[in-house]
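Student:
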Amino acid sequence: MGDPHWAHESKYADQLRRWKNRDELDSHITSWARDQDHLQLASRLQQSGVAAGPVLDSAELHNDPHLWEWGYWWKMEPSGSGERILPGMPVKLSNVPQLNYSYPPDLGEHNRDVFGGLLGLTDAEIKMLVEEKLSTEYCVAY
């Protein structure tokens with residue numbers, strides 16, 4: 019930030035005065051930070067002992083090496099639909115096992131279980147529905 023003249027004004031001399039003049043102080047800091055690269059600025063602030071972090075957009079989050087190393091992002095390749103990258107849990111707790119993610123079912127994968135088991139249709143009735151195309155969009159797994 020350098021050594022701006024306003025930083026030496028008495029109205030910013032202690033925490034209480036800074037709080038009382040916070041709108042003006044925020045305006046000074048905003049004016050200075052506006053032209054800074056957020057990643058470089060966060061790094062500079064951290065190196066100076068200031069607790070700071072950049073606000074990342076979705077592409078920056080996806081490319082953040084720390085999130086990959088930490089295991090936040092994980093890859094999934096469901097059958098036939100190609101690889102997908104999905105976010106995991108934002109927190110990890112030492113006494114909680116890691117979640118076991120599974121692939122979502124393919125379209126129609128459980129039709130026989132639903133139509134036959136849950137709804138009680140016979141194989142002949144299911145076959146008739148498929149042949150009549152009354153439910154073809156739901157019967158793709160046959």
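In this note's numbering, the protein residues as written are 19 to 160.
Glycine is no exception: its CB is placed at the ideal position from the N, C-alpha and C atoms.
Computed from a prediction, not measured in an experiment: that's the story for all the values here.
Please specify which runs of the beta strand (DSSP E), each continuous and at least 3 residues long, are wholly inside the stretch 86-141, giving them in chain order.
Tutor: The qualifying runs are 91-94, 102-105.
Student: Report yes or no: do three or more beta-carbon pairs, one from the stretch 83-97 and one from the stretch 120-134, lie closer than 8 Å?
Tutor: In short, these stretches touch, since the Cβ pair count reaches three.
Student: Within the same chain, show all residues whose beta-carbon is closer than 7 Å to that of Met19, passing over the 5 residues directly before and after it, in chain order.
Tutor: Counting only Cβ-Cβ distances below 7 Å, and skipping sequence neighbours, we find Trp50.
Student: What span of residues does the alpha helix (DSSP H) with Leu63 cover, start to end?
Tutor: That run of the alpha helix (DSSP H) goes 56-65.
Student: Between Tyr160 and the rest of its own chain, which residues show a CB-CB distance below 6 Å, the 5 nearest in sequence each way excluded?
Tutor: Only weak support exists for where Tyr160 lies, its pLDDT of 48 falling under 50; the value from the coordinates is given anyway. These residues qualify, in order along the chain: Val148.
Student: Write down the C-beta distance between Val73 and His84 rounded to the nearest angstrom, noting that I regard them as a contact closer than 8 Å.
Tutor: In fact, because the Cβ distance is near 15 Å, the residues do not count as touching under 8 Å.
Student: Starting from Lys38, trace the alpha helix (DSSP H) both ways and give me its first and last residue.
Tutor: Counting along the chain, the alpha helix (DSSP H) containing Lys38 begins and ends at 33-38.
Student: How big is the Cα-Cα spacing for Pro105 and Gln54?
Tutor: The straight-line gap from Cα to Cα measures roughly 29 Å.
Student: Just mark Asn129 as buried or exposed, buried being the case when its beta carbon has 16 or more other beta carbons within 10 Å.
Tutor: Classification of Asn129: buried, given that the 10 Å Cβ count is 16 or more.
Student: Closer than 7 Å by C-beta to Arg36: which residues in its own chain qualify, once you throw out the five before and the five after it? Chain order, please.
Tutor: Cβ neighbours of Arg36 beyond the five flanking positions: Tyr30, Leu43.
Student: Terminal residues of the continuous alpha helix (DSSP H) containing Ala77?
Tutor: 76-81 is the span of the alpha helix (DSSP H), which, as asked, contains Ala77.
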